[in-house]
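Mapped onto the working numbering, the consecutive letters of the sequence shown carry residue numbers 8 to 305. Before any comments, here is the structure.
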Amino acid sequence: MTAPVSVKAPSGIDELATLRIAPVRRPWQWVATGVVLVMLALLLASVAVNPNMGWPVVGRHLFSAEILRGIGWTVLLTVLCMALATVLGVVIAVMRTANNRVLSAAASLYLWFFRGTPLLVQLILWFNLALVFPLLGPAVFFGESAGGLDTNHVINWFMAALLGFGLHEAAYMSEIVRGGFLAVGRGQTEAAESLGMTGTQTLRRVLLPQALRVIVPPSVNQFVNLFKATSLVAFISGQDLLSSVQHIYANNYQVIPLLLVASLWYLVLVSLATLGQHYLERRLNRGHVPTTAKGAKG
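Have a look at this one:
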């Protein structure tokens with residue numbers, strides 16, 4: 008504990024008088040901290056020794072071939088959906104900020120629909136698209152007599168998940184990208200236009216590079232959420248991590264241990280994504296001096 012500090016009183020007061028400054032003692036904070044640590048230790052001990060947790064089953068299936076295959080599908084689906092959502096998000100954000108009212112209205116309508124309907128509903132709709140359009144291609148616009156591809160052959164669980172997650176996440180990514188654009192001062196765009204840059208050049212060389220610092224943190228957050236949201240694929244007979252877990256415990260009835268396996272792997276995937284976010288943000292912030300630091304230097 009820090010020792011009390013003696014400070015001389017200001018002039019005009021008896022020089023012999025001193026002020027004794029001591030840190031404020033908060034004993035109840037230490038008591039509360041001790042109670043929380045004890046409860047946490049008891050909870051962890053109870054979980055560790057509880058036979059119903061089935062830790063031997065967890066260890067047996069943690070690295071099984073079916074679980075690893077489900078992890079592979081989960082990672083692949085997450086990466087592809089996020090890539091699709093990012094590209095579409097940029098396009099929709101540009102449309103939303105365009106001076107063309109038709110493009111802006113179309114982008115707003117897209118956001119209204121895909122943000123307004125539940126993700127699970129969208130997945131089920133895509134998976135059952137054959138009930139609406141038995142054939143894809145010209146038949147969608149001119150009737151089944153125009154011919155096309157069998158929808159049931161084209162839209163399997165993976166394509167349904169790719170379209171469902173990709174289009175849904177694109178609506179949120181477009182707002183994140185638009186927020187990044189708005190964070191860049193109008194003067195930057197005007198300066199680019201005065202140099203004779205086209206709209207595409209201004210977007211690629213001026214807006215996007217500066218907006219990335221604002222776009223990346225919430226985008227990685229969406230990426231992390233997408234990792235967990237892929238578990239909804241289990242409702243359309245997918246082959247992701249949760250689907251693999253469900254297939255195993257449907258045979259051995261070890262529900263809790265298999266759900267623990269899924270939870271541990273989701274924690275690992277999310278932790279890796281968070282770590283990647285840390286390094287990516289540090290790289291983007293390289294050479295950037297915060298406003299507070301600039302003020303301090305001045």
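Yeah, the Cβ is synthetic: ideal placement off N, Cα and C, and Gly gets one too. If you're wondering where the values come from, they're calculated on a predicted model, not measured in any experiment.
In the structure shown, residue 87 adopts helical secondary structure according to DSSP, grouped into three states. Secondary structure of residue 156 (DSSP, three-state): strand. Under the three-pair Cβ rule at 8 Å, the region 165-178 counts as touching the region 75-92.
In this structure, residue 280 sits away from residue 242, with a CB-CB distance that is not shorter than 8 Å. When DSSP states are grouped into helix, strand and coil, residue 143 belongs to the strand group. Here the alpha carbons of residue 133 and residue 124 stand approximately 13 Å from one another. Residue 158 is a Cβ neighbour of residue 136, given a cutoff of 8 Å. Judged by their CB atoms, residue 154 and residue 142 are nearer to each other than the 8 Å cut-off. Classified as buried, residue 218 has 16 or more neighbouring CB atoms from the shown chains inside 10 Å of its CB. Here residue 102 really is in contact with residue 113; their C-beta atoms are around 6 Å apart, less than 8 Å. Within the region 168-231, the complete alpha helix (DSSP H) segments of 4 residues or longer fall at 193-201, 206-209, listed in chain order. Our two residues, residue 78 and residue 282, have alpha carbons roughly 18 Å apart in a direct line.
Residue 269 and residue 287 do not touch by the CB rule: their CB atoms are close to 27 Å apart, not below 8 Å. Classified as exposed, residue 285 has fewer than 16 neighbouring CB atoms from the shown chains inside 10 Å of its CB. In the three-state reduction of the DSSP assignment, residue 105 falls in the coil class. Fewer than three pairs of CB atoms, one per stretch, sit closer than 8 Å, so the region 257-271 makes no contact with the region 193-200. For residue 258, the secondary structure class from DSSP, reduced to helix, strand or coil, is helix.
Counting along the chain, the unbroken alpha helix (DSSP H) around residue 46 starts and ends at 34-56. Comparing alpha carbon positions, the residue from 66, 99, 71, 49 closest to residue 254 is 71. The alpha-carbon of residue 200 is positioned some 8 Å away from that of residue 206. Burial is judged here by how many other beta carbons sit within 10 angstroms of a residue's own beta carbon; residue 121 has at least 16 and is buried. Around the beta carbon of residue 180, 16 or more other beta carbons lie within 10 angstroms, which makes this residue buried. When DSSP states are grouped into helix, strand and coil, residue 271 belongs to the helix group.
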